[in-house]
Amino acid sequence: MWGFLIVHSEYDYSMKDIARYSKVGYTTLKGIWKEFKEKKTVVQTRVVGKAKMYKLNLKNPVVNKFIDYYWAVVDSVVRRENKIKDEETPHHTSLAGAIPVSAKHV
2 MWGFLIVHSE YDYSMKDIAR YSKVGYTTLK GIWKEFKEKK TVVQTRVVGK
52 AKMYKLNLKN PVVNKFIDYY WAVVDSVVRR ENKIKDEETP HHTSLAGAIP
102 VSAKHV
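Residue numbers (my numbering): 2 to 107.
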(Lines of atoms letter the chains of each structure in order from A and count residues from 1; the text may use other names and numbers.)
(Lines give C-alpha, C1' and ligand atoms only; values in the text may rest on other atoms or scores of the structure.)
Protein backbone atom coordinates (compact mmCIF):
# COMPACT_ATOMS: atom_id res chain seq x y z
CA MET A 1 0.00 0.00 0.00
CA TRP A 2 2.82 2.41 0.85
CA GLY A 3 4.47 1.71 -2.49
CA PHE A 4 1.31 2.54 -4.41
CA LEU A 5 0.65 5.73 -2.42
CA ILE A 6 4.24 6.90 -2.83
CA VAL A 7 4.60 6.16 -6.55
CA HIS A 8 1.22 7.77 -7.24
CA SER A 9 1.49 10.58 -4.69
CA GLU A 10 0.47 13.23 -7.22
CA TYR A 11 -3.06 11.84 -7.47
CA ASP A 12 -5.91 11.15 -5.08
CA TYR A 13 -7.77 7.85 -4.87
CA SER A 14 -10.77 6.39 -3.11
CA MET A 15 -10.15 3.76 -0.43
CA LYS A 16 -11.62 1.17 -2.79
CA ASP A 17 -9.10 2.06 -5.51
CA ILE A 18 -6.21 2.19 -3.05
CA ALA A 19 -7.10 -1.31 -1.87
CA ARG A 20 -7.48 -2.61 -5.43
CA TYR A 21 -4.27 -1.12 -6.85
CA SER A 22 -2.27 -1.97 -3.72
CA LYS A 23 -3.55 -5.55 -3.83
CA VAL A 24 -4.75 -5.22 -0.24
CA GLY A 25 -8.14 -6.41 0.91
CA TYR A 26 -10.62 -3.59 1.47
CA THR A 27 -11.40 -4.88 4.97
CA THR A 28 -7.68 -4.88 5.81
CA LEU A 29 -7.28 -1.33 4.48
CA LYS A 30 -10.33 -0.18 6.41
CA GLY A 31 -8.80 -1.61 9.58
CA ILE A 32 -5.67 0.57 9.36
CA TRP A 33 -7.15 3.61 7.58
CA LYS A 34 -8.44 5.18 10.81
CA GLU A 35 -4.89 5.27 12.17
CA PHE A 36 -3.58 6.70 8.88
CA LYS A 37 -6.11 9.54 9.16
CA GLU A 38 -5.48 10.13 12.87
CA LYS A 39 -1.71 10.36 12.33
CA LYS A 40 -2.27 12.58 9.28
CA THR A 41 -0.45 10.11 7.05
CA VAL A 42 -3.16 10.66 4.44
CA VAL A 43 -5.45 13.61 3.82
CA GLN A 44 -8.86 13.75 2.26
CA THR A 45 -8.70 15.90 -0.87
CA ARG A 46 -12.29 15.92 -2.16
CA VAL A 47 -15.53 13.99 -2.46
CA VAL A 48 -16.63 12.43 -5.76
CA GLY A 49 -20.20 11.19 -5.48
CA LYS A 50 -20.17 9.06 -2.33
CA ALA A 51 -16.42 8.36 -2.52
CA LYS A 52 -13.95 10.28 -0.40
CA MET A 53 -10.64 10.78 -2.18
CA TYR A 54 -7.32 10.57 -0.34
CA LYS A 55 -3.63 11.02 -0.98
CA LEU A 56 -0.44 10.98 1.06
CA ASN A 57 0.02 14.01 3.27
CA LEU A 58 3.25 15.41 1.86
CA LYS A 59 3.26 18.09 4.58
CA ASN A 60 3.81 15.41 7.24
CA PRO A 61 7.57 15.10 7.98
CA VAL A 62 7.21 11.42 8.92
CA VAL A 63 5.62 10.69 5.54
CA ASN A 64 8.46 12.51 3.78
CA LYS A 65 11.06 10.49 5.67
CA PHE A 66 9.28 7.29 4.68
CA ILE A 67 9.18 8.45 1.03
CA ASP A 68 12.93 9.13 1.12
CA TYR A 69 13.52 5.70 2.66
CA TYR A 70 11.31 4.01 0.03
CA TRP A 71 13.22 5.61 -2.87
CA ALA A 72 16.59 4.79 -1.22
CA VAL A 73 15.54 1.13 -1.04
CA VAL A 74 14.36 1.19 -4.67
CA ASP A 75 17.66 2.79 -5.72
CA SER A 76 19.63 0.16 -3.78
CA VAL A 77 17.71 -2.74 -5.33
CA VAL A 78 18.07 -1.32 -8.86
CA ARG A 79 21.81 -0.80 -8.35
CA ARG A 80 22.28 -4.31 -6.97
CA GLU A 81 20.23 -5.97 -9.73
CA ASN A 82 22.05 -4.01 -12.44
CA LYS A 83 25.44 -4.38 -10.73
CA ILE A 84 25.99 -0.63 -10.55
CA LYS A 85 28.68 0.44 -8.08
CA ASP A 86 28.17 3.55 -5.96
CA GLU A 87 31.43 5.01 -7.28
CA GLU A 88 30.06 4.95 -10.84
CA THR A 89 27.05 7.13 -10.02
CA PRO A 90 27.06 8.87 -6.63
CA HIS A 91 23.65 9.38 -4.99
CA HIS A 92 23.77 13.13 -5.51
CA THR A 93 24.22 12.68 -9.28
CA SER A 94 21.26 11.49 -11.32
CA LEU A 95 21.61 8.53 -13.63
CA ALA A 96 21.98 9.59 -17.26
CA GLY A 97 18.90 8.62 -19.21
CA ALA A 98 17.00 7.55 -16.09
CA ILE A 99 13.24 7.67 -16.34
CA PRO A 100 11.51 9.39 -13.40
CA VAL A 101 8.90 7.22 -11.74
CA SER A 102 6.99 10.06 -10.09
CA ALA A 103 6.72 13.81 -10.38
CA LYS A 104 8.92 14.17 -7.30
CA HIS A 105 11.83 12.74 -9.30
CA VAL A 106 11.51 14.91 -12.42
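All residues carry an ideal CB built from backbone N, CA and C; glycine is no exception.
Which residue marks the beginning of the alpha helix (DSSP H) containing L30, and which one marks its end?
Start at 1 with the first residue of the sequence shown, and residue 30 comes out as number 29. Where L30 is concerned, the enclosing alpha helix (DSSP H) stretches over Y27 to E39.
So is D13 buried or exposed if we call it buried at 16+ other beta carbons inside 10 Å?
Here residue 13 refers to the residue found at position 12 of the sequence shown. Buried is the call here.
Secondary structure at K17, three-state DSSP: helix, strand or coil?
Position 16 of the sequence shown, counted from the start, is the residue given in the question as residue 17. Looking at K17 - three-state DSSP - the assignment turns out to be helix.
What is the residue span of the beta strand (DSSP E) that Y12 lies within?
Position 11 of the sequence shown holds residue 12. Where Y12 is concerned, there is no enclosing beta strand (DSSP E), given that its DSSP letter is neither H nor E.
Once DSSP output is grouped into helix, strand and coil, what is the label at L59?
As a working note, residue 59 is residue 58 in the sequence shown. It is coil, neither helix nor strand.
Three-state secondary structure (DSSP) of K156
Because the chain here runs from 2 to 107, residue 156 falls outside it and cannot be looked at.
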